[in-house]
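Each remark here refers to the structure printed beneath this line.
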Amino acid sequence: MGRKSNVLVGIDIGTTKTTAIVGEVTEAGIDIIGMGITPAKELRKGGVVNIDSTVEAIKKAVEDAEHMSGCRINSAYVGIAGSHVKGQNSLGIVAVKGREV
91 MGRKSNVLVG IDIGTTKTTA IVGEVTEAGI DIIGMGITPA KELRKGGVVN
141 IDSTVEAIKK AVEDAEHMSG CRINSAYVGI AGSHVKGQNS LGIVAVKGRE
191 V
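Count along the sequence shown starting at 1, add 90, and that's the number in my numbering.
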């Protein structure tokens with residue numbers, strides 16, 4: 091990430107919007123220094139409907155958060171919520187022709 095050293099980034103991919111938020115960790119807590127929100131309709135019942143549209147929504151939200159915070163985002167905590175979502179530890183690789191996900 092760019093100019094700040096104690097920065098956390100979160101991305102939430104939802105059914106109506108994709109949000110990226112940048113927080114700077116301070117002694118008092120976390121100060122929000124950047125945010126990007128992109129309207130979206132990429133998920134339906136927790137499943138990705140259109141991968142290209144999902145990627146573009148994430149890119150736009152991250153770019154807006156980078157611009158507002160003045161930080162270059164290289165990593166983030168990502169969340170997808172819902173009553174149907176279950177956690178599972180796993181390692182894997184997904185090939186998407188001509189794309190990086």
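Ideal Cβ positions, reconstructed from N, Cα and C, are used throughout, including at glycine.
Those runs of the beta strand (DSSP E) which lie wholly inside the stretch 105-177 and span at least 3 residues: 107-116, 119-129, 167-169
Pairwise C-alpha distance: residue 118 and residue 164: The residue labelled residue 164 in the question sits at position 74 within the sequence shown. The residue labelled residue 118 in the question sits at position 28 within the sequence shown. Cα atoms of residue 164 and residue 118: separation of roughly 25 Å, rounded to the nearest angstrom.
Segment limits, beta strand (DSSP E) that includes residue 182: Stepping through the sequence shown from its first residue, residue 182 is reached at position 92. Premise fails: residue 182 is in no beta strand (DSSP E) and is neither H nor E.
Pairwise C-alpha distance: residue 146 and residue 186: Counting from 1 along the sequence shown, the entry for residue 186 is found at position 96. Counting from 1 along the sequence shown, the entry for residue 146 is found at position 56. Taking the straight line joining both Cα atoms gives about 14 Å.
Per-residue burial, residue 175 [other beta carbons within 10 Å of its own, 16 or more giving buried]: The sequence position of residue 175 within the sequence shown is 85, counting from 1. By the 10 Å Cβ count, residue 175 comes out exposed.
Candidates 120, 106, 109: closest to residue 95 by CA position: Taking the first residue of the sequence shown as position 1, residue 95 is located at position 5. Ranking 120, 106, 109 by Cα distance to residue 95 puts 120 first.
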